[in-house]
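In what follows, a single structure is set out as C-alpha cells and then discussed.
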Amino acid sequence: MDNILDPAWRLDDKPFQAESLILEDWVPLAMLRQALVVLADYCEERYGGCGLYTFEDWHEKNGQLTRRQRSSYGELRAMLVSDRQLYSSRPQADGVFRAYYSETNDFLLRYGLREAEDQTKPIWGDLSFSGDSDDIRAAIMRLKPIPGLPLNLMGSGSYFDATCGR
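Just so we're aligned: the sequence shown equals residues 146 to 311 in my numbering.
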C-alpha cells in the first residue's frame with residue numbers, strides 16, 4: 146500500500162469500493178504472466194489516457210507504506226515480454242507485491258512471485274485485480290480462456306482486510 150491508496154482502502158473508496166479478482170492458489174510463472182498480459186491489455190484499453198503509478202507493496206508483509214513512482218503502460222508491457230523479464234521485475238523480498246494503479250484510482254493490479262529455491266524448481270506467482278463492477282466483469286470474461294486459472298471473487302474491503310489487516 147502507498148500513502149494514496151491506504152486512506153482509500155480504509156474508506157472503501159476507489160479502487161476498493163467493489164470487488165477484487167483474486168487467485169485461489171499460486172500459479173506457475175507462465176500462467177501468471179499470461180493473466181497479467183490480459184489484465185494489462187484491458188487496463189490500457191480502458192484507462193490508457195490516465196497516468197499510471199507503481200510501487201512495491203510491503204503492507205501485506207509488514208504494514209509498511211511505500212512511495213509510488215510514475216510508470217507507464219510501456220514499462221508494464223516491457224516487464225511482461227517474457228517469464229524472465231517478469232521474474233526480474235519482482236520485488237527482491239518474498240511476500241512483497243508489485244502494484245500498478247491509475248492516477249484516477251480506478252483499478253489496482255498487484256502481483257507477487259515466490260523466490261526460486263533453485264534452478265530446477267518452478268516459480269509460482271499470485272495476483273489480485275481490484276476495480277469497479279464493470280472492470281471485474283470484463284476481467285473475468287477475458288481471463289476465462291486461460292485453462293486452469295483458479296479465479297475467485299471477493300469484496301475488496303474483505304480481501305484487503307484479511308491480507309493487510311485493518
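Just so you know, even glycine gets a beta-carbon here, dropped at the ideal spot from N, CA and C.
What did DSSP end up calling residue i once you bin it into helix, strand or coil?
i	result
residue 167	strand
residue 298	strand
residue 258	strand
residue 151	helix
residue 226	coil
residue 275	strand
residue 288	helix
residue 219	helix
residue 280	helix
residue 303	helix
residue 191	helix
residue 235	coil
residue 179	helix
residue 157	coil
residue 265	coil
From the options, pick the residue whose C-alpha is nearest to that of residue i; which is it?
i	options	result
residue 162	295, 276 and 309	276
residue 271	166, 148 and 153	166
residue 213	219, 221 and 199	199
residue 256	265, 262, 264 and 269	269
residue 298	219, 274 and 221	274
residue 345	150, 154 and 245	The question about residue 345 has no answer, for the chain in this structure spans 146 to 311.
residue 324	300, 309 and 285	Nothing about residue 324 can be read from this structure; the chain reaches only from 146 to 311.
residue 193	202, 221 and 170	221
residue 251	280, 146 and 190	280
Considering only residues of the same chain and omitting the five flanking positions on each side of residue i, which have a CB-CB separation below 7 Å?
i	result
residue 294	172, 176, 180 and 288
residue 151	210
residue 284	166, 184, 187 and 274
residue 170	295
residue 302	157 and 161
residue 147	200, 210, 211, 212 and 213
So, at 6 Å on beta carbons, what are the nonlocal neighbours of residue i in its own chain, with the 5 sequence-adjacent residues on each side left out?
i	result
residue 195	247, 248 and 249
Tell me the DSSP bridge mates of residue i?
i	result
residue 201	243
residue 172	270
residue 214	199
residue 253	246 and 275
Excluding sequence positions up to five away, which residues of its chain have a Cβ less than 8 Å from the Cβ of residue i?
i	result
residue 232	174, 258, 261 and 268
Compare the beta carbon distance of residue i and residue j with 8 Å and say whether it is the shorter of the two.
i	j	result
residue 178	residue 225	yes
residue 235	residue 229	no
residue 278	residue 164	yes
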